[in-house]
Amino acid sequence: MMKVLYLLNFAGKAGTERYVETLVRYLDHKKVEAHFAYNEGGLLVERLQALGVPCRRIEMRRRFDFKAAKELARLCEEWDIDLVHCHYLREHYTALLAKQYDKHIRVVYTNHFVLANDAVTRLSNRWMDKRQDGMIAVCNKGKEQLIANGWSGDRIHVVFNSVDPAAWAGDRSESTLRPELGIPEDRFVMLCASRFAEDKGHKYLIDSLKRLTEISSVPFTMVLAGDGPLLEPARQQVEALGLTEQVKFIGFRKDIKNLYKGSDLYINSSEHEALSYLIIEAMAAGLPVIATDMGGNSDIVNDEAGCGLLVKYDDPVSMSDAMKRLMEDPDLLARCKAGALRTIDEKFEIHKWMEKTFAVYEAAAAR
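In terms of our numbering, the sequence shown opens at residue 974 and continues consecutively.
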């Protein structure tokens, strides 16, 4: 039995938190005993506590926080931890520093972004690299970026995020989304469930919807789920463009499956993606996808997968043209739906992910 401590600075409700929760739920409990430590509490703490996972707060103020590293090492000794699995640079550095106080622990880091580090961070990455036992990149471009950021490529494993197809099975009849919003059954519904932040692209997405009303006569509704600092500017933009009939804001929702099942198409308009849970969940629920050609999106949406269309980021013409194609071509939409379900089974199925992740743990433990 390997005791794994999942370490996360902010235990909220985004994709990284979903990643941790999924590992805790699906890794073989005969092989892995999960523990959790965090700095800022949130929804994930509640969910893991409900699963019976021991949770403890560790204050992590900065990357080179030796006090936090000592506290982490003491916690690892108390819980007899074999491996720490962390997810952002602050807690990653904290875990690597903790190794000098507890030489028994091993550290695995999952990189959830495809972002270049600055020169100072690249230098510190190279210095910390000698302490690293294993790394996971959730997409191919993520591995390339990790190497460019100063980490050793021989310890980086590409392991795609995945989902349980059974958890997303079902049909339109299960959804209450359309009755809730007063949307007719024959109306074309698109869903975007990204947080309202600068890199999620809502501004140009809404501009794309305005253009869509000008190039297509197909009635549609865009459902925008989520919260965030740019929610109000997005509402104002919708009103200014006269799109209040076509665009519905529904806030942050926990019933994401309900939203997928009530929709016809999932939209990703982000500038930065590694490997989006929302995209692969939507596909597992049977939705075709339009996604920006950024980060790891091309590992999901491509000609081989046949599950949707890639578009240029911050390009309303590219986005609205893709929407028009899928709204007006039922055969293409059906082919993309079939491609989405097939691709999930072939590339993003949960048990394959668990096997590959545990193999990374074993390799790190053997160092």
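Beta carbons are placed, not taken as given, at the ideal position from N, Cα and C, and that holds for glycine.
>> Quick check on the DSSP output: what are the complete alpha helix (DSSP H) runs of length 4 or more inside the region 1084-1169, in order along the chain?
In response: 1092-1101, 1113-1121, 1150-1154
>> Short of 6 Å in beta carbon distance, which residues of its chain neighbour residue 1289, apart from the five on each side in sequence? Order them along the chain.
In response: Locating residue 1289 in the sequence shown gives position 316, where the first residue counts as 1. Excluding positions up to five away in sequence, the list reads 1177, 1180, 1181, 1184.
> Going by the CB atoms, is the gap between residue 1058 and residue 980 shorter than 8 Å?
Replying inline: On the sequence shown, position 7 is the one that residue 980 refers to. On the sequence shown, position 85 is the one that residue 1058 refers to. For residue 980 and residue 1058, yes; Cβs fall inside 8 Å.
>> Taking a contact to mean a Cβ-Cβ separation below 8 Å, would you say residue 1252 touches residue 1239 in this structure?
In response: As a working note, residue 1252 is residue 279 in the sequence shown. As a working note, residue 1239 is residue 266 in the sequence shown. Yes, Cβ-Cβ distance for residue 1252 and residue 1239 is below 8 Å.
> In three-state DSSP terms, what is residue 974?
Replying inline: Here residue 974 refers to the residue found at position 1 when the sequence shown is read from its first residue. Here residue 974 sits in coil by DSSP.
>> Can you confirm whether the region 1085-1098 touches the region 1041-1058 when touching is taken to mean that 3 or more C-beta pairs between the two stretches lie within less than 8 Å?
In response: Touching, no.
> Is DSSP giving residue 995 helix, strand or coil here?
Replying inline: Here residue 995 is taken as the residue at index 22 of the sequence shown, counted from 1. Three-state result, residue 995: helix.
> Just the Cα atoms here: how many angstroms apart are residue 1062 and residue 1036?
Replying inline: For the purposes of this step, residue 1062 is taken as residue 89 along the sequence shown, with counting starting at 1. For the purposes of this step, residue 1036 is taken as residue 63 along the sequence shown, with counting starting at 1. Those two C-alpha atoms are separated by around 7 Å.
> In the DSSP assignment, what are the bridge partners of residue 1241?
Replying inline: In the sequence shown, the residue the question calls residue 1241 occupies position 268. DSSP, once it has assigned bridges, lists 1264 as partnering residue 1241.
> Which ranges would you report for the beta strand (DSSP E) in the region 1208-1242 if only whole runs of at least 3 residues count?
Replying inline: 1220-1224, 1238-1241
> So is residue 1209 buried or exposed if we call it buried at 16+ other beta carbons inside 10 Å?
Replying inline: As a working note, residue 1209 is residue 236 in the sequence shown. Burial call: exposed.
> If residue 1012 and residue 1044 are in contact, beta carbons under 8 Å, what's the gap, nearest whole angstrom?
Replying inline: One-based indexing of the sequence shown puts residue 1012 at position 39. One-based indexing of the sequence shown puts residue 1044 at position 71. With 8 Å as the limit, residue 1012 and residue 1044 do not qualify as a contact, their Cβ atoms being about 11 Å apart.
> Helix or strand or just coil, what does DSSP make of residue 1079?
Replying inline: Here residue 1079 refers to the residue found at position 106 when the sequence shown is read from its first residue. Strand.
> Run through DSSP, which three-state label would residue 1280 get?
Replying inline: Counting from 1 along the sequence shown, the entry for residue 1280 is found at position 307. Of the three classes helix, strand and coil, the one that applies to residue 1280 here is coil, per DSSP.
>> Assuming residue 1099 and residue 1123 are in contact, meaning their beta carbons sit under 8 Å apart, how far apart are those beta carbons, in whole angstroms?
In response: Residue numbering aside, residue 1099 sits at position 126 when the sequence shown is read from its first letter. Residue numbering aside, residue 1123 sits at position 150 when the sequence shown is read from its first letter. About 4 Å; that satisfies the 8 Å criterion.
> Hey, residue 1312 and residue 1279 are a contact pair by Cβ (cut 8 Å); roughly how many whole angstroms apart?
Replying inline: Here residue 1312 is taken as the residue at index 339 of the sequence shown, counted from 1. Here residue 1279 is taken as the residue at index 306 of the sequence shown, counted from 1. Sure, about 3 Å apart at Cβ, within 8 Å.
> Quick one: complete beta strand (DSSP E) runs, 3+ long, within the region 1271-1333?
Replying inline: 1281-1284
> In angstroms, rounded to a whole number, what distance separates the CA positions of residue 998 and residue 1323?
Replying inline: If you number the sequence shown from 1, residue 998 lands on position 25. If you number the sequence shown from 1, residue 1323 lands on position 350. If you take the alpha carbons of residue 998 and residue 1323, they lie about 11 Å apart.
> According to DSSP, is residue 1002 helix, strand or coil?
Replying inline: Locating residue 1002 in the sequence shown gives position 29, where the first residue counts as 1. Residue 1002: coil per DSSP, three-state reduction.
>> Assess contact between the region 1103-1121 and the region 1137-1148, defined as three or more Cβ pairs (one per stretch) separated by less than 8 Å. Is contact present?
In response: The region 1103-1121 vs the region 1137-1148: no contact.
> Nearest to residue 1111 by alpha carbon, out of 1340, 1337, 1329?
Replying inline: Numbered from its first residue, the sequence shown carries residue 1111 at position 138. Comparing Cα-Cα distances from residue 1111 to each of 1340, 1337, 1329, the minimum goes to 1329.
> Based on the DSSP output, what are the partners of residue 1030 in its beta bridges?
Replying inline: Here the question's residue 1030 lines up with position 57 in the sequence shown. According to DSSP, which records beta bridges pairwise, residue 1030 is partnered with 1011.
> How about the region 1124-1137 and the region 1162-1172: do they share at least three Cβ pairs that are nearer than 8 Å?
Replying inline: no
> Does the Cβ of residue 1114 have 16 or more other Cβ atoms within 10 Å, making it buried, or fewer, making it exposed?
Replying inline: On the sequence shown, residue 1114 is found 141 positions in, with the first residue counted as 1. Residue 1114 is buried by the Cβ-count criterion.
> Unbroken beta strand (DSSP E) runs of length 3 or more, entirely within the region 1166-1198: which are they?
Replying inline: 1193-1198
> Taking C-beta to C-beta, are residue 1214 and residue 1169 nearer than 8 Å?
Replying inline: By one-based count along the sequence shown, residue 1214 stands at place 241. By one-based count along the sequence shown, residue 1169 stands at place 196. Going by C-beta atoms, residue 1214 is not nearer than 8 Å to residue 1169.
> Which residues in the same chain have their Cβ closer than 6 Å to the Cβ of residue 1296, if we skip the five residues on either side of it in sequence?
Replying inline: On the sequence shown, residue 1296 is found 323 positions in, with the first residue counted as 1. For residue 1296, where only same-chain residues beyond five positions count, the Cβ hits under 6 Å are 1185.
> When we look at the beta-carbon of residue 1277 and count the other beta-carbons within 10 Å, is it buried (16 or more) or exposed?
Replying inline: Here residue 1277 refers to the residue found at position 304 of the sequence shown. With fewer than 16 other Cβ atoms within 10 Å, it is exposed.
>> Below 8 Å on the Cβ atoms is my contact criterion, and I expect residue 1243 with residue 1172 to pass it. Report the Cβ-Cβ distance as a whole number of Å.
In response: Within the sequence shown, residue 1243 is the residue found at index 270, counting from 1. Within the sequence shown, residue 1172 is the residue found at index 199, counting from 1. Confirmed, Cβ separation roughly 6 Å.
> Would DSSP call residue 1024 helix, strand or coil?
Replying inline: For the purposes of this step, residue 1024 is taken as residue 51 along the sequence shown, with counting starting at 1. Three-state DSSP puts residue 1024 in coil, outside helix and strand.
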